[in-house]
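In the working numbering, the protein residues as written are 679 to 969.
Just below is one structure, and these are the notes that go with it.
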Amino acid sequence: MRRCPMGFGPLVWWFPRRSVTRAAGCWARSRLSRPAIALYIKRYGVDPAEAEKPIAEYQSLAEFFGRRLKVGSRPIDHTEGGIVSPCDGLLSAQGAIDGNTCMLVKGVPYSVPMLLAANASIATPFHGGWFMTLYLSPRDYHRVHVPMAGEIVGWTHVPGTLYPVNPWGVKAIPTVFVRNERVITYIRTDAGTYAVVMVGAFVVGGISLAHIPQLISNRRPIRMWSQKLNPPISVSPGDELGQFNFGSTVILLFPPQVIQDHRPLATGSILKMGQLLARQKGDSHGNPVAF
């Protein structure tokens, strides 16, 4: 594994991350970025054969980056009681939620209320549950999907900053996941409500939700925004939930009554969206998240 370059920590503290991210986003959305698509594919080893359209039809790097895939490229596992991976990526961490904390980064306790930017009524039902952290690299497919059937009952946008979330960034800024901009979606099931946390990063200023077109992250005015959905939106495993621009991280938080507390996949596993990730506990009794 390559080591973090000298001075990287101080650099990410002082670099104008949000301004650079906005500028990079403007360029990536313009036709001027089209020549970079071929370079991007080569640099990161992207498989262009999976893309929904021929490469020549993408009008910008951003359009290619947020590409949909051909039907059948990511089959959804339909194992009874299964929970599927919401995205392509690396299962970088997983474990029990101990009281108010979870170890999203090795040796660094994270506060669940801080991660969710929420009060006790929302955070407490996750106590004793399970978390999973999935890192999406630039080569991965960057749309995020529903891991478990239910109803979207609400979401929260937390502005934050935009530090890198790659291995160098996580090492330099151990608390990056509660500092960075993020969008949290709450999905209610018969057993309880789980959370899908999409964490933005440097050059990943855009997070969007498929069912909430009015949400535009990394835009002014910068303020926290929560919405309870009434009526809720029914979703099934594999339904599109949202997308990133460039690589980032998805964190799943499950209450104890929703997920079995074992590791069906080893930490460090490389995942594809729709692959079996975990199993439901099958216990429909528990405290719902009061969103």
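Heads up, the beta-carbon is just placed ideally off N, CA and C, and yes, glycines get one too.
Nearest-angstrom Cβ-Cβ length linking residue i and residue j, presumed shorter than 8 Å
i: Met951; j: His823; result: 6 Å
i: Glu829; j: Ser912; result: 5 Å
i: Phe742; j: His820; result: About 10 Å separates the two Cβ atoms, so there is no contact after all.
i: Phe922; j: Leu814; result: 7 Å
i: Leu955; j: Gly920; result: Not really, about 18 Å apart at Cβ, beyond 8 Å.
i: Val978; j: Pro825; result: Outside the shown range of the chain (679 to 969) lies residue 978, about which nothing can therefore be said.
i: Leu769; j: Ile862; result: Contact flag wrong, Cβ pair sits at about 20 Å.
Helix, strand or coil at residue i according to DSSP, with G and I counted as helix
i: Glu728; result: helix
i: Ala716; result: helix
i: Leu887; result: strand
i: Leu943; result: coil
i: Ser912; result: strand
i: Leu893; result: coil
i: Ser711; result: helix
i: Ala734; result: helix
i: Arg901; result: coil
i: Leu689; result: For Leu689, the predicted structure reports a pLDDT of 49, less than 50, and the residue's modelled location is therefore unreliable. A value from the coordinates is still provided. Helix at Leu689.
i: Ala706; result: helix
One or two residues paired with residue i in a DSSP bridge
i: Arg957; result: Gly760
i: Lys906; result: Gly832
i: Tyr872; result: Ile865
i: Ile929; result: Thr811 and Val875
i: Ile800; result: Bridge partners of Ile800: none, in fact.
i: Gly920; result: Val822 and Leu887
i: Ala949; result: For the record, residue 949 in the displayed sequence is Leu; it is not Ala. Beta-bridge pairing links Leu949 to Gly767.
i: Ile937; result: Gln958
Buried versus exposed call for residue i [16 or more other C-beta atoms within 10 Å across all chains shown]
i: Asp725; result: exposed
i: Asn858; result: buried
i: Pro837; result: buried
i: Gly916; result: buried
i: Thr811; result: buried
i: Ser799; result: exposed
i: Tyr736; result: buried
i: Lys720; result: exposed
i: Val882; result: Caution applies to Val882, whose pLDDT of 44 falls short of 50 and renders its modelled position unreliable; the model cannot decide the point.
i: Val690; result: Low per-residue confidence applies at Val690: pLDDT is 48, beneath 50, and the placement is therefore not dependable enough to give any value.
i: Asp868; result: exposed
i: Lys959; result: buried
i: Asp766; result: buried
i: Asp818; result: buried
i: Tyr788; result: buried
i: Pro803; result: buried
i: Ala971; result: No answer is possible for residue 971: the residues shown for the chain start at 679 and end at 969.
i: Leu949; result: buried
i: Arg745; result: buried
i: Thr710; result: Strictly speaking, residue 710 in this sequence is Leu, with Thr absent from that position. Exposed: under 16 other Cβ atoms inside 10 Å.
i: His835; result: buried
i: Ser708; result: exposed
i: Tyr722; result: exposed
i: Pro934; result: buried
i: Lys906; result: exposed
i: Gln772; result: buried
i: Gly974; result: This structure does not reach residue 974, given that the chain is present from 679 up to 969, and the question cannot be answered.
Considering only residues of the segment 802–867, which uninterrupted alpha helix (DSSP H) runs meet the minimum length of 4 residues and lie entirely inside it, listed in chain order? Entirely contained in the segment 802–867, the alpha helix (DSSP H) runs reaching 4 residues are, in chain order, 845–850 and 854–857.
Just list the beta strand (DSSP E) runs in the segment 737–797, keeping only unbroken ones of 3 residues or longer that don't cross its boundaries, in chain order. Fully enclosed beta strand (DSSP E) runs of 3 or longer: 760–762, 767–774, 779–783 and 786–789.
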